[in-house]
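A.B. asks:
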Amino acid sequence: MKYSNKAEFEKANMFGTGMPNDAYSKYFIGNSYLNFLVKPGETPLFLANVTFEPACRNNWHIHQATSGGGQMLICTAGEGWYQQEKEEAVSMKEGSIVYIPAGKKHWHGAKADSWFSHISIEIPGTECRNEWLEPVSDEDYNRL
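Using this note's numbering, you'd call the opening residue of the sequence shown number 36 and step up by one each time.
1) How big is the Cα-Cα spacing for A124 and I109?
2) Do you know how far the Cα of K146 is from the Cα of C91?
3) Rounded to whole angstroms, what is the Cα-Cα separation between H96 and E77?
4) To the nearest angstrom, how far is the alpha carbon of R164 from that of A100?
5) For a quick check, are the C-beta atoms of A83 and S155 less than 8 angstroms apart?
6) Among the residues of its own chain, which have a CB less than 8 angstroms from the CB of M39, if the five just before and after it don't count?
7) Using CA atoms only, rank isn't needed, just tell me which of F87, N177, M36, Y134 is closest to N70.
8) Throw me the rounded Cβ distance for the L168 and K140 pair, which I believe falls under 8 angstroms.
9) Any chance you could list the beta strand (DSSP E) runs of at least 3 consecutive residues sitting entirely within the region 120-157, in chain order?
10) Return yes when the Cβ of A112 is within less than 8 angstroms of the Cβ of N48, no when it is not.
11) Mapping DSSP to helix, strand and coil, what is N177?
12) Consult DSSP for A112 and reduce its assignment to one of helix, strand or coil.
13) Report the residue from N94, H98, S102 whose alpha carbon sits nearest the alpha carbon of S60.
14) Do V85 and H153 have their CB atoms nearer than 8 angstroms?
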């Protein structure tokens with residue numbers, strides 16, 4: 036369900052918006068928020084609810100790993116996009132799940148007219164790291 040009104044979105048955003056995602060803001064167009072669901076480093080999985088304001092999206096990026104790794108996204112509120120390089124963008128709605136293998140260039144973010152939250156699950160692996168790349172152009176984003 037699309038939510039242009041933040042107060043209405045917050046009622047549906049069961050895992051909470053969290054704090055401004057300042058540490059990664061240089062890799063986003065627009066404002067995003069991060070709510071850790073488990074304390075980083077205390078469990079084998081990284082698990083956080085990431086919230087995007089309407090039209091917010093992250094840059095193209097790759098989850099690198101020498102073995103294992105990758106990411107899963109579970110949409111929990113609002114509507115957004117996920118796109119892997121050289122593939123059509125996938126519309127994400129509440130309950131949508133995507134699996135992103137390590138080594139795949141991709142981006143994700145909110146639709147232009149809706150707030151969007153997803154749980155980010157970082158898949159365990161060896162020598163995992165994010166490689167941040169160029170922004171998603173306004174021209175490409177606005178075509179969706």
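Using N, Cα and C, we set each Cβ at its ideal position, and we do this for glycine too.
Predicted model only: the values in this text are computed from it and were never measured.
C.D. replies: In this structure, then:
1) Between A124 and I109, the alpha-carbon positions lie close to 16 angstroms from each other.
2) Those two C-alpha atoms are separated by around 8 angstroms.
3) Across the structure, H96 and E77 are spaced so that their CA atoms are roughly 25 angstroms apart.
4) Rounded to the nearest whole angstrom, the C-alpha separation of R164 and A100 is 7 angstroms.
5) In contact: A83 and S155 (Cβ atoms closer than 8 angstroms).
6) The sequence given here places Ser at residue 39; Met does not occur at that position. Cβ neighbours of S39 beyond the five flanking positions: P89, D148, S149, W150.
7) Of the listed residues, the one whose Cα sits closest to N70 is F87.
8) With 8 angstroms as the limit, L168 and K140 qualify as a contact, their Cβ atoms being about 7 angstroms apart.
9) Entirely contained in the region 120-157, the beta strand (DSSP E) runs reaching 3 residues are, in chain order, 125-127, 132-135, 141-145, 151-157.
10) A112 sits close to N48, with the two beta carbons spaced by under 8 angstroms.
11) Secondary structure of N177 (DSSP, three-state): helix.
12) Of the three classes helix, strand and coil, the one that applies to A112 here is strand, per DSSP.
13) Comparing Cα-Cα distances from S60 to each of N94, H98, S102, the minimum goes to N94.
14) Result yes, Cβ atoms of V85 and H153 sit closer than 8 angstroms.
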